[in-house]
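> One structure, as structure tokens, below. Some questions next.
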Amino acid sequence: MPNNKHENSESYIYPDGGEAITIALIGETEPYPGYWQASEDGVLERGIKIISKKGLNGSLLDVGCGFGRLLLKFSKYFDSLYGVEPDKERYEVCKKNISEWGMEEKVRLFNGTVDMLDDKLRFDVILCSHVIQHIPEQISGQLLKTFRKLLKDNGLLILTTSHSDTNEDIYLKNYINTEGKRAEAKISQKEFNSFENKNGILPTKMFSWHNLQKLLEAGGFHVIDSRVYHDNRGSRYVHKLFGTDRLINTLGSLKKTRGRDICVIAGQD
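Take 1 as the starting number for the sequence shown in UniProt numbering and just add one per residue.
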């Protein structure tokens with residue numbers, strides 16, 4: 001399969017292009033080295049099992065594919081993969097990675113937004129990892145409706161996003177301060193939705209479980225499975241002894257108030 005190159009005229013720049021904010025967050029919050037990756041692997045592998053049981057192995061679309069790391073992870077489970085990345089620099093790195101990984105015949109990359117895809121394309125699975133928490137709410141709502149149109153009738157959506165530890169959505173801005181350290185400050189909903197494409201300041205919406213469900217339902221989806229992950233409370237000893245990720249997902253009261261991130265597997269209504 002050829003590796004198509006589609007250029008977008010809009011100059012979108014992902015605010016954390018060098019991943020400095022994300023790397024700092026991981027360093028500050030993970031209870032032990034390697035937990036952050038292991039925690040994400042756990043929820044994604046659970047999603048892969050659900051996909052496999054449904055026999056969905058034809059095509060996957062990764063929206064906001066970044067440097068392509070999840071395209072690599074999911075590549076062995078699908079016949080063809082598509083990646084959409086609006087940031088030109090991240091797209092170029094992804095294109096280089098796809099070539100180095102020997103995946104050029106299996107992956108098509110698009111530099112732009114998901115609405116530029118051919119209207120006739122349909123996918124077995126759409127993966128959207130850590131995108132909707134960084135874009136204005138009016139856009140995230142429309143994005144989910146677009147996903148619904150692009151999925152095959154029995155297709156699934158894998159959605160990961162930031163998770164609020166309260167019953168309310170929380171709006172933040174993250175950045176690296178003058179001392180070279182990550183800083184995080186609460187902002188209003190209005191400020192979040194009016195944030196300009198500004199390099200170095202990463203707006204983030206932490207979704208309450210209730211409001212995330214409402215967003216999915218408005219987009220034409222129902223929740224099949226959900227897991228919170230990246231829990232930053234407790235010591236390494238506690239995490240190792242009790243398997244904190246498993247524990248907090250077993251107890252409903254903890255699931256709503258723990259885990260910085262959440263992974264949802266959703267089907268179509």
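Glycine is no exception: its CB is placed at the ideal position from the N, C-alpha and C atoms.
How long is the line joining the alpha carbons of Y237 and T161, rounded to whole angstroms?
If you number the sequence shown from 1, residue 237 lands on position 237. If you number the sequence shown from 1, residue 161 lands on position 161. C-alpha separation (whole angstroms): 27 Å.
> So what does G267 bridge to, in DSSP terms?
Residue numbering aside, residue 267 sits at position 267 when the sequence shown is read from its first letter. Paired residue(s): H222.
> Between the alpha carbons of N174 and K181, how many angstroms are there, rounded?
Translated into the one-based positions of the sequence shown, residue 174 becomes position 174. Translated into the one-based positions of the sequence shown, residue 181 becomes position 181. Each residue's alpha carbon lies about 10 Å from the other.
> When we look at the beta-carbon of G55 and count the other beta-carbons within 10 Å, is it buried (16 or more) or exposed?
Here residue 55 is taken as the residue at index 55 of the sequence shown, counted from 1. It is exposed - the Cβ of G55 has fewer than 16 other Cβ atoms within 10 Å.
> What residue range is occupied by the uninterrupted alpha helix (DSSP H) comprising L251?
Working through the sequence shown from its first residue, we reach residue 251 at position 251. Taken as a continuous stretch (DSSP letters only), L251 belongs to no alpha helix (DSSP H), as it is neither H nor E.
> Could you compute how far the alpha carbon of E30 sits from the alpha carbon of K149?
For the purposes of this step, residue 30 is taken as the residue at position 30 of the sequence shown. For the purposes of this step, residue 149 is taken as the residue at position 149 of the sequence shown. For E30 and K149, the distance between alpha carbons rounds to 37 Å.
> When the distance is taken between beta carbons, is N249 closer than 7 Å to R233?
Counting from one through the sequence shown, the residue named residue 233 turns up at place 233. Counting from one through the sequence shown, the residue named residue 249 turns up at place 249. Their beta carbons are not under 7 Å apart, which means R233 does not touch N249 by this criterion.
> Is DSSP giving V131 helix, strand or coil here?
Translated into the one-based positions of the sequence shown, residue 131 becomes position 131. The answer is coil: DSSP assigns V131 none of H, G, I, E or B.
> From N111 to Q213, what distance separates their C-alpha atoms?
In the sequence shown, counting from the first residue as 1, residue 111 sits at position 111. In the sequence shown, counting from the first residue as 1, residue 213 sits at position 213. Roughly 30 Å separates the two Cα atoms.
> Among the candidates T257, H230, S235 and V93, whose CA atom is the shortest distance from the CA of D245?
Counted from its first residue, the sequence shown places residue 245 at position 245. Ranking the options by Cα distance to D245, first place goes to H230.
> Just confirm the distance between the C-beta atoms of I98 and V107, as a whole number of angstroms; I'd bet it's less than 8 Å.
Taking the first residue of the sequence shown as 1, we reach residue 98 at position 98. Taking the first residue of the sequence shown as 1, we reach residue 107 at position 107. About 5 Å separates the two Cβ atoms, so the contact holds.
> Determine the DSSP secondary structure at E89, reduced to helix, strand or coil.
Walking along the sequence shown from the start, residue 89 turns up at place 89. DSSP places E89 in helix when its eight states are reduced to three.
> N174 lies in the beta strand (DSSP E); which residues open and close that run?
Start at 1 with the first residue of the sequence shown, and residue 174 comes out as number 174. From DSSP, the beta strand (DSSP E) with N174 extends over I170 to I176.
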